[in-house]
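Just below is one structure, and these are the notes that go with it.
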Amino acid sequence: MSNMVEPGPPVRRPNPLIWIGLLVIGLIIYILLSADRGGWKKPAGEVAEVGISGEFERSLLIPPGMRARQYIAEIREGNQPYPLASVFEKGSGYQNEGSLADAHLLYFFSAREGYLPAMMKLGELADPVLFRAEDSLLDRADVIQAYKWYQKAAAQGHQPAVDRVRNLRSWATAESKVGNADARQLLLNFE
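Mapping of the sequence shown onto our numbering: residues 12 to 202, in sequence order.
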């Protein structure tokens with residue numbers, strides 16, 4: 012007798028990519044099923060502590076618009092003319108970081124005080140042709156707000172605003188033909 016083992020069918024080992032794929036799918040399912048969906052809220056005034064659970068101290072949260080309100084209060088306290096260009100730039104900074112409420116409040120403040128770039132910005136944020144939800148505090152375009160701010164800027168002789176009002180009229184004329192109620196409402200301003 013010899014010590015030789017007869018060759019049999021080759022031993023087939025499972026592909027490691029299959030196991031890795033199953034592991035990834037399992038992790039995704041686990042994450043989706045265990046993610047906090049925001050349905051549970053702490054009572055008002057209760058503060059969460061930073062810990063292993065990943066919760067944070069609620070007093071560190073800044074309500075939307077709070078920084079803009081504080082900034083406006085500070086510049087109102089001074090007995091100097093408002094630095095509208097600085098207010099507008101601060102609003103642009105807030106918009107770039109995604110703080111849309113702060114940005115909108117600063118744009119509104121400077122536009123109400125007569126700052127043309129802020130009037131144009133508020134018009135653009137509401138303009139149905141230029142509207143981008145990720146950049147605006149509004150859920151959808153508001154053609155009446157766009158018209159209002161463009162019209163205020165146009166009243167100061169700002170030619171780009173005059174052009175935008177004309178563009179809004181063209182948009183409204185075309186859209187009213189297909190039944191757009193907002194467009195029909197805007198056209199009443201041109202009669």
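All C-beta atoms, glycine included, are put in the ideal place defined by N, C-alpha and C.
Cα-Cα, which of the options is closest to residue i?
i, options, result
"D174", "G102, Q156, Q162", "Q162"
"V98", "E108, E124, G109", "E124"
"L160", "L149, R151, D138", "Note that residue 160 corresponds to Trp in the displayed sequence, not to Leu. Measuring from the Cα of W160, the nearest candidate turns out to be D138."
"Y126", "R180, M77, P94", "P94"
"A152", "L179, H169, E85, A96", "L179"
"A122", "G102, E108, N107", "G102"
"P75", "E85, V154, Y105", "Y105"
I'd like to know whether the C-beta atoms of residue i and residue j end up nearer to each other than 7 Å.
i, j, result
"L199", "A183", "no"
"L117", "A79", "yes"
"F120", "I83", "yes"
"V176", "A165", "yes"
"L148", "L111", "yes"
"A194", "E202", "no"
When you measure from the CB of residue i to every non-hydrogen atom of the ligand MG, does any distance come out below 6 Å?
i, result
"V176", "Inclusion of the ligand MG in the displayed structure is not the case, the ligand content being empty and no account of it being possible."
Helix, strand or coil for residue i? Go by DSSP, reduced to three states.
i, result
"A152", "coil"
"K163", "helix"
"D138", "coil"
"K188", "coil"
"Y93", "coil"
"N26", "coil"
"P128", "helix"
"E100", "helix"
"L116", "helix"
"E202", "coil"
"I73", "coil"
"G168", "coil"
"G32", "helix"
Is it buried or exposed, residue i, if we count other Cβ atoms within 10 angstroms and call 16 or more buried?
i, result
"Y41", "exposed"
"A114", "buried"
"G32", "exposed"
"A157", "buried"
"V189", "exposed"
"V35", "exposed"
"E57", "For E57, the predicted model reports a pLDDT of 44, less than 50, meaning its position is unreliable; a value from the coordinates is still stated below. Exposed, by the Cβ-count rule."
Count the C-beta pairs between the stretch 80-90 and the stretch 121-132 that are closer than 8 Å, then say yes if the count reaches three, no if not. Because the criterion of three Cβ pairs below 8 Å is not met, the stretch 80-90 and the stretch 121-132 do not touch.
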